[in-house]
Each structure stands twice: as structure tokens, then as C-alpha cells.
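K.L.:
Protein chains: 2
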Amino acid sequence: MFERIVVGVDGSEGGLEALKLAIGLQKIHDSELLLLSVYLEHTMWEASVSYVNTELTGSTHSALQEYAREVARQCKEFAQAQGVEKVRSFYMGGGPARTIVKFCEDHDAQLIVLGSRGISASERYMLGSVSHKVTNTSTRPVLIV
Amino acid sequence: MFERIVVGVDGSEGGLEALKLAIGLQKIHDSELLLLSVYLEHTMWEASVSYVNTELTGSTHSALQEYAREVARQCKEFAQAQGVEKVRSFYMGGGPARTIVKFCEDHDAQLIVLGSRGISASERYMLGSVSHKVTNTSTRPVLIV
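Protein chains in written order, with the working numbering: chain B, 1197 to 1341; chain Y, 1197 to 1341.
Printed below as a string of C-alpha cells:
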């Protein structure tokens, strides 16, 4: 039923809960898990119409990228430690919601699993902006944990 | 994994897609499906602070209730025709999102499945207001189809 499941991870508790549920689904549906960690990266166009410096300082960009890579790696290890063999991890730069949705389409996944709140979420909101936007724009089913 | 799955149905295409996916899950997880159709009903308090007539004309209220009951009945039959035995259907009055979330908690369900858009949705929006609100307020996982 769910051949490929995309799991959005960002190092937060919400992301971990999403991963745990996805692992449970993987075992029952024999799915392949595609773990995706997105680090914020502005396009040249976005930067040009905002006040964002087009060139993040090398160290900031590298730090974000390295963090995302580390999150992806640790999540993959976590899944493998739970006995999951069919798991791959990715880290990509871009707008998080947009990147997740496109990734799901590019990999023809049948499901996206996300935490209701991620690493940037305020305590006030039960549903983070990325999860909200992915649910709003995805043409595939989205499971909010 | 999903012992009880609540499926929100309202007679729309979105609700039917949610039901179909839930049936697929039911077969794999051997879940019990709880189909819920909510007809809009204002509480006395809500009506008192709005311009809604506290007493819907008898025929309007009955029509809404009857429609919800019919949707619930037909969805249950549809599920049974697909070979699902563990299915119950319900129809209730209230605010749809709130009612769905409370119903899930009262029945200790592990998952809510909803169409991304229901019967009231405008073509402009990819995510209906009920699905949005349920995803935002539910403490249990919500699968938006």
C-alpha cells in the first residue's frame, strides 16, 4: 500500500515522533523509508525581493547544511537500529515545505509523514508552518503525527 | 498499530477518497473503522452570540440530520461491500472539526483519516477548513488524503 514513505525530519521531537510512526508503518507495509532533512536556503530570486543577504556567510550556510546532513544521518541510524533495512536518507537545501512536496513527487512516494510541529515552532501553535503548508499543497496523502 | 481508525465522511469526493484509503489500511492493520458524519448544529451559546436563529426550522434541522445519517449508512455499506466487517458508522450534530476530534478521543482511536477537502470546500483551497482545524487541534495522528 505504501511502497515509499517520505519522512520529514529536522532534529526536533516532532520529527522524531514522525520517524517512529513511519518505522511502525514500514514494518507492516514493507515500505522503503526516504528520510528527508531540509536546510533553509533562499533562491537568488527570493533573496533579491527580501532583505536577505544573497550570500549567506560561508560558515552559516555550511553550518546549516552540516546540521541537516547530521540529522539525516542520525535518523537513518535510528531506523536501522530499529531493524529497518529499506531506508535512505537525504538532505537538501530550499524552502522546507516546497522541497518536501517536490521530493515526494520526484520519488513517487505514496505518503508523507511529518511531525505536527518542528524545530522552529512556537509553543502557541499546535501545527507548525511547514506541516501546514505541506498538508495544503501536497497531492499525496500527508500523515501529521 | 491502528486498532481504531476514525474516518470523517460527509458525502463529498474527498470523504470518499479518505474512506477508500482507510479501508486499505483496515485490511492491513485489521483495524476497526469508525465512520463519522457530522451535521452542522450550533450550540445555544454559539447561536446567542451570532445571528443564527437558535432554532433551525424543524425541517432544515431534520434534513441535515437525515443527510448525515444517510451518508454514514452508505459509507458503512460501501466498506462492507469491500469486505470490511469491523466497521461502525455514526452521525452526530455539532461543529464538525471539534466533534471529530472529541469523537476520536472518546473512542480512543489511534488515527483520524480525512479528505483534504470536503463538501463545503471552495475550488480555490487545497485544504478545507475542517481538515485544517482537525489537523491543528488533534492530539492523535491525522491522515489527510
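Built from N, CA and C at the ideal position, the CB exists for glycine as well. Just so we're clear, the structure is a prediction, and the values are computed from it rather than from any experiment.
Is it true that the CB of B/G1290 sits closer than 8 Å to the CB of B/Q1261?
P.N.:
Taking the first residue of the first sequence as position 1, residue 1261 of chain B is located at position 65. Taking the first residue of the first sequence as position 1, residue 1290 of chain B is located at position 94. Not a contact, by the Cβ cut-off of 8 Å.
K.L.:
Just checking my contact of B/V1341 with B/L1217 at CB under 8 Å: how many whole Å lie between their CB atoms?
P.N.:
One-based indexing of the first sequence puts residue 1341 of chain B at position 145. One-based indexing of the first sequence puts residue 1217 of chain B at position 21. Right, the Cβ-Cβ distance comes to about 5 Å (below 8 Å), so this counts as a contact.
K.L.:
Give the list of continuous alpha helix (DSSP H) stretches no shorter than 4 residues that lie fully inside the region 1265-1317 of chain Y.
P.N.:
Taken in chain order, the unbroken stretches of alpha helix (DSSP H) that lie wholly in the region 1265-1317 of chain Y and span 4 residues or more are 1292-1302.
K.L.:
Run through chain Y and tell me which residues come within less than 7 Å of B/L1217, C-beta to C-beta.
P.N.:
Taking the first sequence and counting its residues from 1, one reaches residue 1217 of chain B at position 21. Near B/L1217 (Cβ distances below 7 Å), the residues of chain Y are P1337.
K.L.:
Taking CB distances under 8 Å as the criterion, tell me whether B/I1201 reaches chain Y.
P.N.:
The residue you call residue 1201 of chain B lines up with position 5 of the first sequence. Output row for B/I1201: interface = no.
K.L.:
Are Y/V1267 and Y/L1229 close, meaning C-beta to C-beta below 8 Å?
P.N.:
Residue numbering aside, residue 1267 of chain Y sits at position 71 when the second sequence is read from its first letter. Residue numbering aside, residue 1229 of chain Y sits at position 33 when the second sequence is read from its first letter. No, the Cβ-Cβ distance between Y/V1267 and Y/L1229 is not below 8 Å.
K.L.:
Taking the alpha helix (DSSP H) that B/V1330 falls in, what are its first and last residues?
P.N.:
Residue mapping note: residue 1330 of chain B aligns to position 134 of the first sequence, counting from 1. Taken as a continuous stretch (DSSP letters only), the alpha helix (DSSP H) holding B/V1330 covers S1325 to T1333.
K.L.:
Near Y/T1295, which residues of its chain fall below 7 Å by C-beta distance, leaving aside the five closest residues on each side in sequence?
P.N.:
Within the second sequence, numbered from 1, the residue matching residue 1295 of chain Y stands at position 99. Closer than 7 Å at Cβ, skipping near neighbours: V1234 and M1288.
K.L.:
Using a C-beta to C-beta distance shorter than 7 Å, which residues of chain Y count as neighbours of B/G1311?
P.N.:
Here the question's residue 1311 of chain B lines up with position 115 in the first sequence. Ordered by position in chain Y, no residue passes the 7 Å Cβ test against B/G1311, which lies about 10 Å from the chain.
K.L.:
In the DSSP assignment, find the alpha helix (DSSP H) that holds B/G1211 and state where it starts and stops.
P.N.:
As a position in the first sequence, residue 1211 of chain B is number 15, starting the count at 1. Unbroken alpha helix (DSSP H) run through B/G1211: E1209 to H1225.
K.L.:
Since Y/R1200 is in the beta strand (DSSP E), which residue starts that stretch and which ends it?
P.N.:
On the second sequence, residue 1200 of chain Y is found 4 positions in, with the first residue counted as 1. Boundaries of the beta strand (DSSP E) around Y/R1200: R1200 to G1204.
K.L.:
Applying the criterion that 16 or more other CB atoms from any shown protein chain within 10 Å of the CB defines a buried residue, is Y/K1272 buried or exposed?
P.N.:
Numbered from its first residue, the second sequence carries residue 1272 of chain Y at position 76. Classification of Y/K1272: buried, given that the 10 Å Cβ count is 16 or more.
K.L.:
I need the straight-line Cα distance from B/S1208 to B/A1264, nearest angstrom please.
P.N.:
Mapped onto the first sequence, residue 1208 of chain B falls at position 12. Mapped onto the first sequence, residue 1264 of chain B falls at position 68. Going from the Cα of B/S1208 to the Cα of B/A1264 covers about 12 Å.
K.L.:
Excluding the 5 residues flanking B/F1274 on each side, which residues of the same chain have their C-beta closer than 7 Å to its C-beta?
P.N.:
Within the first sequence, numbered from 1, the residue matching residue 1274 of chain B stands at position 78. Excluding positions up to five away in sequence, the list reads L1215.
K.L.:
Using beta carbons (cut-off 8 Å, strictly below), is Y/V1280 in contact with chain B?
P.N.:
For this step, residue 1280 of chain Y is matched to residue 84 along the second sequence. It does not; no Cβ of chain B falls within 8 Å.
K.L.:
Would Y/T1256 pass as an interface residue toward chain B - the criterion being a Cβ-Cβ separation below 8 Å?
P.N.:
Here the question's residue 1256 of chain Y lines up with position 60 in the second sequence. No, its Cβ sits nowhere closer than 8 Å to a Cβ of chain B.
K.L.:
DSSP state of Y/E1237, grouped into three classes?
P.N.:
Numbered from 1 along the second sequence, position 41 holds the residue referred to as residue 1237 of chain Y. It is coil, neither helix nor strand.
K.L.:
Take the Cβ of B/T1331 as the centre, count every other Cβ of all protein chains shown within 10 Å, and call the residue buried at 16 or more, exposed below.
P.N.:
Here residue 1331 of chain B corresponds to residue number 135 of the first sequence, with the count starting at 1. Buried, by the Cβ-count rule.
K.L.:
Might you give, ordered along the chain, the residues of its own chain that have their beta carbon closer than 7 Å to the beta carbon of Y/V1338, omitting 5 neighbours on each side?
P.N.:
One-based indexing of the second sequence puts residue 1338 of chain Y at position 142. Excluding residues within five positions, the ones whose Cβ falls inside 7 Å are I1308, L1310, V1330 and T1331.
K.L.:
Could you name the residues that DSSP lists as bridge partners for Y/V1347?
P.N.:
Residue 1347 of chain Y lies beyond the stretch modelled for chain Y, which goes from 1197 to 1341, so this question has no answer here.
K.L.:
Report yes if the C-beta distance between B/S1285 and B/L1231 is below 8 Å; otherwise report no.
P.N.:
The count along the first sequence starts at 1 and reaches residue 1285 of chain B at position 89. The count along the first sequence starts at 1 and reaches residue 1231 of chain B at position 35. Yes, the pair counts as a contact, with Cβ atoms nearer than the cut-off.
K.L.:
Out of Y/P1292, Y/E1301 and Y/E1213, which has the shortest C-alpha to C-alpha gap to Y/L1236?
P.N.:
If you number the second sequence from 1, residue 1236 of chain Y lands on position 40. If we check each option's Cα against that of Y/L1236, Y/P1292 comes out closest.
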